[in-house]
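Here's the structure we're looking at; comments come further down.
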Amino acid sequence: MASATTSRFSRSALIKLAVGLVLVGGLFAVPRYVSSPYALHIMILIFLSTIMGESWNILGGYTGQYSVGHAAYFGVGAYTTVMLMQFRQVPPWIGVWAGIAAVLVVALIIGSICFRLRGPYFVLASIAVAEIMRLSATNLDKFTKGAEGILATEIPVFIIGEHVVTDFLTKVPFYYIGLSLALLTIAVTWAVQHSKLGYYFQAIREDQDAAHSLGINIPLYKNIGLAISATLTALAGSFYAIYVGFVDPSTVLSLDLSVQIVLVCIIGGIGTIYGPVVGALALVPLSEALRSNAIAEGLFKSGIVDPASATGTFLKENLAHAHVLIYGILVVLVILFMPEGLLGFLRKLGARLKQGRA
Amino acid sequence: MTIFLQSLISGILVGGVYALIGIGLTLVFGVMRIINFAHGDIMMVGMYLTYMLFSMVGIDPFLSVLITFPLMYLLGVFLQKVLINRVLDALPQNQILLTIGLGLIMSNTMMLAFTSDYKILSTTYSSSSFSVGGSSISQPLTISFLITAAITGGLYWFLVKTNTGQAIRATAQDREAAQLMGINVKRMSGIAFGLGAGLAGTAGALIAPTYYIFPQVGSVFTLKAFVITVLGGMGSVVGAAIGGIIVGVSESMGAVYISSGWKDVVVYVIFLLVLLFKPAGLLGKSRM
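For the record, the sequence lines run as chains A and B. Heads up, the first sequence is in this note's numbering, so the first residue is 1314 and it goes up one at a time. Heads up, the second sequence is in this note's numbering, so the first residue is 149 and it goes up one at a time.
Listed below in structure tokens is the structure:
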């Protein structure tokens, strides 16, 4: 009997593993068959959102510390990497380590200030610190070029020995880097959830005082959670900066970015391994479709809306600006009707369908 | 000395409007324990309302308060009944996210309707000033300060003297006990959110003649509103009024003595210091 259950358990685990491997293999094969730069661009954005959502998830989802200031880590990572590359000719794959080091210092300072506070006060403090970072980057214009931003003009060619690995001229190397980083963050989340560390984190999330009375060192574990989360967010920032080739305070250090990072995780499903992936898969294509006016054109082509009519011109001119509106509407709907996020909703739906069949 | 006096006076005058924003936020927090991240966006809606009333009908921005306040009050009651009411017992994080989402919806809807261009509401007196003892004082700021003072006084009277006001304060003190005393807590929540939105909208109307109007202006003021309420003590109306003046003065002092780019940093640093060393605020009870 016991052996039967273990074999069944291992069988379902094996199936999961096989499906996962096929999926990952398929993702790695995509650039061989897809040459459209736009399709690759969308995929890269999905990877980027996944990295951001997963890394926030470790602090916000597992440890229960709702930071709305993650743009600080994203921005410091992005700025360090780009500044070292532009001003000191340090290649990004080395600069990113400096970025992580800088972010860890920042995280330690922010953590020592903000983790004394709880609940809404922690949220407010995290926002204030991120805003101080943004305003500093704007005002220290001799150091960071201020609001003007920094344009990354030339990424050095990546060479190991004599062999040219990549020259970063197409989107393909970015695709592979993004995919690898996304898999890395998912793996880190998995490792956190299945380790003692993860149990400490969740104990702090569920009841900080109870966790404290059980002997868990609260400040230490909150800071460990922040360090892991900030490091991964810095990776996302560096990757974004090199991919887009431009950083300025109002994109990489803004409150909007902090909110967006939180939303990817919340809309997908907070405190779960695959929630942020689902969030990124839902949000990126939707907001890109709006941004590129694909939805408006779709409406015209299908004949629902006449492009020459007043509604048509309104849609053509304005729908592209509405991509953030989608985030707002989605988060309101998710909070009101699917408090466990899209992933939780889909799981419930799946369970109900199974029940109906049986 | 003149520079000092002048920046002190203009700081106090701007602080009056900040106080109004802070009082709205603190009222909502006091009664419902909800931190409203859409507060600045509600104020932004008030600014656009004032702008429309002025540019389409020609109503003076200060006079338009009489229209803006009731309209924004209704908007607040509507938001409370339809959305906020559903998350009163949810996790605080979810409440915050709901209001963040609401704010995003408001600012982006305004962007669709008015584009993201900066609008300027220029009245005949927008840049006029008069001088007292060698320092020049902005006329629109003075008028808005006087209106603010009147509204704050009226609100204080309402909360202390009237039955409804006392019921609101009772609800803020202890929701369950108030309910046991026969107070309609749900109705009080609606009124409090309505008042909060009305005050934010009024602040928007008052600041419209001296500030740029654009869809993203809200987040700046949401943050300021938080700083103000935390300074004064979450839930304390008098505290928020004092907090508003402190923020106004430190901004204008920071702009004069450090640089205008760093003035917001000064405010945030004060904010963090208060959070760390006197988290209950100047006049609030600790709720940590």
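By construction, the Cβ of each residue, glycine as well, lies at the ideal position given by its N, Cα and C atoms.
Close-in-space but distant-in-sequence residues of the same chain around residue i (CB under 6 Å, 5 per side omitted)
i	result
A:PRO1404	PRO1469
A:GLY1382	SER1439, ILE1440, VAL1442, ALA1443 and SER1571
B:VAL213	THR350 and ALA353
B:ALA186	THR247, LEU250 and GLY251
A:ALA1289	Missing from the structure shown is residue 1289 of chain A; chain A here goes from 1314 to 1671 and no further.
B:ASP189	GLY251, MET254, SER255 and GLY366
A:LEU1612	VAL1618
B:TYR416	none
Own chain residues within Cβ distance below 8 Å of residue i, not counting five before or after
i	result
A:MET1314	Any reading at A:MET1314 needs caution, since the residue's pLDDT is 44, under 50, leaving its predicted position unreliable; the model's value is listed next. Hits under 8 Å: none found.
B:GLY163	GLY392, ILE393, ILE394, VAL395, GLY396 and VAL397
A:TRP1369	SER1380, HIS1383, SER1542, THR1546, ILE1574, VAL1575, VAL1577, CYS1578 and PRO1589
B:MET258	MET192, VAL193, TYR196 and PRO363
B:PHE262	TYR196 and PRO363
B:LEU307	GLY313, GLN314, ILE316, ARG317 and VAL385
B:ILE171	THR300, LEU303, LEU347, VAL385, ALA388, ALA389 and GLY392
Whether residue i touches residue j by CB criterion (8 Å)
i	j	result
A:TYR1488	A:PRO1344	yes
B:ILE390	B:LEU430	yes
A:ILE1580	A:LEU1596	yes
A:VAL1419	A:LEU1548	no
B:LEU223	B:ALA345	yes
A:VAL1618	A:LEU1628	yes
A:ILE1445	B:VAL413	yes
B:ALA348	B:MET220	yes
B:SER337	B:GLN241	no
A:THR1502	A:GLU1367	yes
A:ALA1415	A:THR1451	no
A:ILE1583	A:GLY1432	no
B:VAL225	B:GLY383	no
B:ALA320	B:VAL176	no
A:SER1386	A:GLY1625	First, the residue type needs correcting, since residue 1386 of chain A is Tyr and not Ser in the sequence shown. Cβ atoms of A:TYR1386 and A:GLY1625: not closer than 8 Å.
B:SER264	B:PRO357	no
A:GLY1491	A:ILE1407	no
B:THR216	B:GLY380	no
A:VAL1389	B:LEU245	no
Residue i - partner residues in DSSP beta bridges
i	result
A:LEU1464	A:PHE1559
B:SER286	B:SER277
B:LYS267	B:ILE361
Reduced DSSP secondary structure (H/G/I, E/B, other) of residue i
i	result
B:SER400	helix
B:VAL280	strand
A:ILE1583	coil
A:PHE1471	strand
A:LYS1484	coil
A:THR1479	strand
A:HIS1354	helix
A:VAL1590	helix
B:PRO427	coil
A:ILE1371	helix
B:GLY206	coil
B:GLY317	Looking at the sequence itself, residue 317 of chain B is Arg, so the reference to Gly does not match. Helix at B:ARG317.
A:PRO1620	coil
B:GLY163	helix
A:PHE1428	coil
A:VAL1347	coil
A:GLU1653	coil
B:THR247	helix
A:SER1605	coil
B:THR272	coil
Spatial neighbours of residue i in its chain, beta-carbon cut-off 7 Å, leaving aside the 5 residues before and after
i	result
A:LEU1372	GLN1378, SER1380, GLY1538, LEU1539 and SER1542
A:ILE1555	THR1394, PRO1405, ALA1465 and ILE1468
B:SER155	SER400, MET401 and VAL404
A:PRO1486	THR1479
B:GLN327	VAL333
Contact set between residue i and chain C, taken where Cβ atoms lie within less than 8 Å
i	result
B:ARG234	This model lacks chain C altogether, as its protein chains are A and B.
- [ ] Answer yes if the stretch 1638 to 1658 of chain A comes into contact with the stretch 376 to 388 of chain B, meaning at least three C-beta pairs across the two stretches below 8 Å, and no otherwise.
- [x] As far as the Cβ criterion goes, the stretch 376 to 388 of chain B does not touch the stretch 1638 to 1658 of chain A, which means the pair count is below three.
- [ ] Flag this pair as touching only if the stretch 1560 to 1568 of chain A and the stretch 1454 to 1473 of chain A have three or more C-beta atom pairs under 8 Å; answer yes or no.
- [x] A contact is defined here as three or more CB-CB pairs under 8 Å, and the stretch 1560 to 1568 of chain A meets this definition with respect to the stretch 1454 to 1473 of chain A.
Open item on the list: Count Cβ pairs between the stretch 256 to 271 of chain B and the stretch 345 to 364 of chain B that sit closer than 8 Å; are there 3 or more?
Closed with: Three or more beta-carbon pairs separated by less than 8 Å link the stretch 256 to 271 of chain B to the stretch 345 to 364 of chain B, which places the two stretches in contact.
Open item on the list: If contact is defined by three or more beta carbon pairs under 8 Å, each pair taking one atom from either stretch, is the stretch 1499 to 1515 of chain A in contact with the stretch 1387 to 1406 of chain A?
Closed with: No, because fewer than three Cβ pairs between the stretch 1387 to 1406 of chain A and the stretch 1499 to 1515 of chain A fall closer than 8 Å, the two stretches do not touch.
Open item on the list: Would you call the stretch 196 to 212 of chain B in contact with the stretch 399 to 408 of chain B, where contact means no fewer than 3 C-beta pairs closer than 8 Å?
Closed with: At 8 Å Cβ cutoff, the stretches do not touch.
TODO: Flag this pair as touching only if the stretch 410 to 427 of chain B and the stretch 1419 to 1433 of chain A have three or more C-beta atom pairs under 8 Å; answer yes or no.
DONE: Result yes; three or more Cβ-Cβ pairs closer than 8 Å.
- [ ] Say whether the stretch 1525 to 1532 of chain A touches the stretch 1385 to 1400 of chain A, bearing in mind that this needs 3 or more beta-carbon pairs closer than 8 Å, one atom from each stretch.
- [x] No: the two stretches stay apart, fewer than three of their Cβ pairs being nearer than 8 Å.
TODO: Indicate whether the contact test is met: 3 or more Cβ pairs, each with one atom in the stretch 308 to 317 of chain B and one in the stretch 151 to 168 of chain B, closer than 8 Å.
DONE: Three or more Cβ pairs closer than 8 Å define a contact, and the stretch 308 to 317 of chain B falls short of that threshold against the stretch 151 to 168 of chain B.
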